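Convert by adding 12 to the 1-based position in the sequence shown; the result is the number in the working numbering.
Note that the Cβ used here is the ideal one computed from N, Cα and C, for glycine as well.
Given the structure is predicted, the values throughout are model-derived calculations rather than measurements.
Have a look at the structure below, then the notes.
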Amino acid sequence: MSRLLYENSVSYKGYLIIPFVFGIADGQNIYSYSLLSELGHKGKFHKLENPAGIYSSCIDTIIEAAKEHLDENSDVVNQNDYFKNRYIYQDNLIIVYQLASKYFYDHYKSDNLNNVAAPKIFGTEQECITWIKEGLDKSQINQQV
């Protein structure tokens with residue numbers, strides 16, 4: 013799988029639709045998508061790649077195909093948008109969420125959907141984001157050395 017295009021991701025019916033370049037044909041990108049479920053591993057399509065089996069040369073078309081598939085098959089009855097507080101930093105996807113008065117996060121690197129978040133609790137959303145950015149910046153510096 014090539015780099016996940018988190019900057020083009022769309023939250024829909026309890027899932028995050030994440031497009032990526034599946035391949036190239038005649039010099040054009042062919043897009044596919046993967047899904048993250050707000051239910052995590054309990055979600056029917058969590059971390060699945062293209063359950064609709066449709067590909068497109070247009071990101072908007074692949075997003076619409078994923079939405080249609082979820083309209084017909086989603087197992088999530090969502091009340092809140094779990095993915096609304098998502099950020100992209102250095103091609104990483106960061107999802108910050110609140111439980112009671114505590115903040116947690118999920119962290120996905122650019123090339124796979126394995127959550128690499130540290131088990132840490134924060135008092136504010138900004139504290140969480142700052143801590144993550146500092147860690148990613150430090151990691152980037154260490155890789156350059």
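Taking all protein chains shown into account, do 16 or more other C-beta atoms lie within 10 angstroms of the C-beta of residue i, making it buried, or fewer, making it exposed?
i      : result
Val89  : exposed
Ser113 : exposed
Ser44  : buried
Ser69  : exposed
Asn62  : buried
Ala130 : exposed
Ile144 : buried
Quick one: Cα of residue i to Cα of residue j, how far?
i      : j      : result
Glu137 : Gly52  : 21 Å
Glu50  : Ser86  : 11 Å
Glu80  : Asp103 : 27 Å
Phe134 : Ala37  : 46 Å
Cys140 : Asn92  : 20 Å
Asp149 : Thr142 : 10 Å
Gly55  : Leu82  : 12 Å
Ile42  : Asn20  : 15 Å
Arg98  : Gln40  : 29 Å
Considering only C-alpha positions, which residue in the set the options is nearest to residue i?
i      : options                          : result
Leu28  : Val128, Gly39 and Ile106         : Ile106
His58  : Pro131, Gly39, Ala77 and Lys25   : Lys25
Ile75  : Val22, Glu84, Asp38 and Lys96    : Val22
Ser151 : Tyr115, Tyr101, Lys96 and Phe116 : Tyr101
Leu111 : Tyr99, Ser122, Lys132 and Val128 : Lys132
Glu84  : Ile42, Gln40, Ala64 and Gly147   : Ala64
Ile71  : Gly39, Phe32, Leu60 and Lys96    : Phe32
Lys96  : Val128, Asp118 and Ala77         : Asp118
Is residue j closer than 8 Å to residue i when the C-beta atoms are compared?
i     : j      : result
Leu17 : Leu125 : no
Phe94 : Tyr109 : Reading the sequence as shown, one finds Tyr at residue 94 and not Phe. Against a cut-off of 8 Å, the Cβ pair of Tyr109 and Tyr94 comes out as a contact.
Ile30 : Ser46  : yes
Tyr67 : Phe34  : yes
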